[in-house]
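Worksheet: one structure, shown below.
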Amino acid sequence: MTKIGYVRTSTNKQYTDRQINELKRYCDKIYVEDGVSARKKNRPVYRKAVAKLAEGDEFIVMSFDRAYRSVVEGLSSLDELTEKGITLKSLSQHLDPTTPDGRLFFTMTIAVGEWEVNINSWRTIQGLKAAVKRGKRLGRPRKAIKSENF
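Reminder that position 34 of the sequence shown reads as 34 in the UniProt record's numbering, one-by-one numbering, no gaps.
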């Protein structure tokens with residue numbers, strides 16, 4: 001039985017050492033996806049890690065929302081792993097997502113992660129709209145054009 005860990009950060013400015021240090025205690029191999037949103041459909045490191053798993057293996061994350069930020073994706077991934085005989089584990093949420101109660105709390109955990117991403121995005125958009133109303137010019141500063149170029 002192989003235990004594969006998965007670490008993800010949303011930006012390259014976040015540190016992975018907290019997740020890696022904890023996963024090292026339990027995993028045979030750890031895959032790190034640095035600077036990629038869990039909402040992205042194209043997460044090559046995640047796909048590579050899952051492809052290495054076989055029946056009887058464990059896929060371990062620090063918390064479920066490190067791997068999934070969408071209820072639909074989280075549940076479909078859980079079902080795929082379960083069908084292949086692979087166990088999904090979180091080091092911070094001690095529940096079995098294959099039981100009725102565990103699946104409920106797994107779904108709620110992912111739903112909160114999805115809400116968190118959506119509310120942060122919504123707040124950013126509202127803040128940008130408010131800044132424009134205040135007269136703020138958004139985007140990169142204009143390049144100064146030298147008069148001799150004409």
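Even for Gly, the Cβ is constructed at its ideal location relative to N, Cα and C. Predicted, not measured: the structure shown is a model, and the values here were computed from it.
Checklist entry - Where Y68 and K13 are concerned, what is the direct C-alpha to C-alpha distance, given to the nearest angstrom? => result 20 Å
Checklist entry - Based on the DSSP output, what are the partners of S90 in its beta bridges? => result V61
Item to check | 8 Å Cβ shell around M1 - same chain, five flanking residues per side excluded | outcome: G56, D57, E58
Item to check | Residues that DSSP places opposite I4 in a beta bridge | outcome: K29, F59
Next on the checklist: Applying the 10 Å Cβ sphere with the 16-neighbour rule, what's the burial state of Q19?
Outcome noted: buried
Checklist entry - What is the DSSP secondary structure of G127, counted as helix, strand or coil? => result helix
Checklist entry - Can you tell me whether DSSP reads K24 as helix, strand or coil? => result helix
Checklist entry - Taking all protein chains shown into account, do 16 or more other C-beta atoms lie within 10 angstroms of the C-beta of P44, making it buried, or fewer, making it exposed? => result exposed
Checklist entry - With respect to the alpha helix (DSSP H) encompassing K48, which residues constitute its N-terminal and C-terminal limits? => result 44-51
Item to check | Contacting residues, own chain, Cβ-Cβ under 7 Å from E114 (five flanking each side not counted) | outcome: R69, S70, V71
Checklist entry - So, is E83 buried or exposed, given that buried needs 16 or more other C-beta atoms within 10 angstroms? => result exposed
Item to check | Y26 vs K52 beta-carbon contact at 8 Å | outcome: no
Checklist entry - Rounded to a whole number of angstroms, what is the C-alpha to C-alpha distance between N21 and S92? => result 14 Å
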